[in-house]
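Residue 389 is where the sequence shown starts when you use our numbering, and the numbers rise one by one after that. All residues carry an ideal CB built from backbone N, CA and C; glycine is no exception. If you're wondering where the values come from, they're calculated on a predicted model, not measured in any experiment. Below: one structure, written as structure tokens.
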Amino acid sequence: MSKLDILIIPDRHLRQVCEPVTKVDGEARRLLDDMLETMYAAPGIGLAAPQVGVMRRMLVIDVSREGEPKQPHCFINPKLVWASEQLATYQEGCLSIPDYYEDVERPARVRVEYLDRDGAEQEIVAEGLLATCLQHEIDHLDGVLFIDYISRLKRERVMKKFIKRSKNVA
Ligand code: NI
389 MSKLDILIIP DRHLRQVCEP VTKVDGEARR LLDDMLETMY AAPGIGLAAP
439 QVGVMRRMLV IDVSREGEPK QPHCFINPKL VWASEQLATY QEGCLSIPDY
489 YEDVERPARV RVEYLDRDGA EQEIVAEGLL ATCLQHEIDH LDGVLFIDYI
539 SRLKRERVMK KFIKRSKNVA
């Protein structure tokens, strides 16, 4: 396994729509393993393929608490097929927008269809932090970031900060 570089806004990959995975093969599994290693090292609770520059519909999640056994989940071609009317608010962050956190309101429960790392069709009904994390990561596959749900003023402020930062790094 190897750790991958995480892209930071305003990297253009983070705003593009990803293509479905057509074959769940060794290469796909290797990428999922690398994404898990990258997520744990960050540390983070979710990571989507476009965040490491791979424009494919794949993501990894582990919302287990510190000290608990690890619960890695791999989702390939995840599709949100149902969302509750009831909403829940969580303070969200993103490995591609380091050290920035804001409250985001999303459906409290969701049903997601996906392929697991063996290519088998699966369905999950998620609630709590897992529901929020799944929605956040699926958004990444469509070029959507959590800052798209906050006020325009706040979003413009954070974008400006990271655009400036990217110019300093380059
Ligand atoms: Ni994110």
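Proximity winner among the options, relative to residue i (alpha-carbon distances)
i      : options                           : result
ALA416 : VAL442, GLU509 and ILE538         : VAL442
GLN459 : SER484, LYS467, PRO466 and VAL448 : VAL448
ARG418 : ILE464, SER554, GLN510 and ILE526 : ILE464
LEU517 : GLN510, LYS548 and ALA496         : ALA496
THR520 : ILE551, TYR478 and LEU533         : TYR478
ASP563 : ASP487, VAL440, TYR428 and MET446 : Nothing can be reported for residue 563, as the shown portion of the chain is limited to 389 through 558.
LEU395 : GLY455, LEU435, GLU425 and GLU511 : LEU435
LYS542 : SER452, GLY455, VAL492 and THR426 : VAL492
LEU475 : SER452, ARG540, LYS548 and GLN523 : GLN523
GLU454 : LEU468, ALA508, ILE433 and MET423 : ILE433
PRO486 : ARG553, MET389 and SER539         : ARG553
DSSP-derived helix/strand/coil call for residue i
i      : result
ASP530 : coil
PRO438 : helix
CYS406 : coil
ILE430 : Position check: residue 430 holds Ala in this sequence, whereas Ile was assumed. Coil.
ASP536 : helix
ALA496 : coil
ASP487 : strand
GLY507 : coil
LEU392 : coil
GLY445 : Going by the sequence as given, residue 445 is Arg instead of Gly. Here ARG445 sits in coil by DSSP.
ASP399 : coil
ASP413 : coil
Limits of the unbroken alpha helix (DSSP H) element including residue i
i      : result
ILE551 : 540–557
ARG450 : Strictly speaking, residue 450 in this sequence is Asp, with Arg absent from that position. ASP450 -> no alpha helix (DSSP H), and no H or E assigned at all.
CB of residue i within 7 angstroms of CB of residue j, strictly
i      : j      : result
HIS528 : PRO438 : yes
CYS462 : LEU420 : yes
TRP470 : ARG494 : no
PRO466 : ILE535 : no
ALA430 : LYS391 : no
ARG400 : GLY531 : no
VAL409 : ARG444 : yes
GLU501 : GLU515 : no
VAL387 : TYR489 : The question about residue 387 has no answer, for the chain in this structure spans 389 to 558.
Counterpart residues of residue i in DSSP-defined beta bridges
i      : result
VAL513 : ARG499
Limits of the unbroken beta strand (DSSP E) element including residue i
i      : result
GLU480 : 475–482
VAL469 : 461–471
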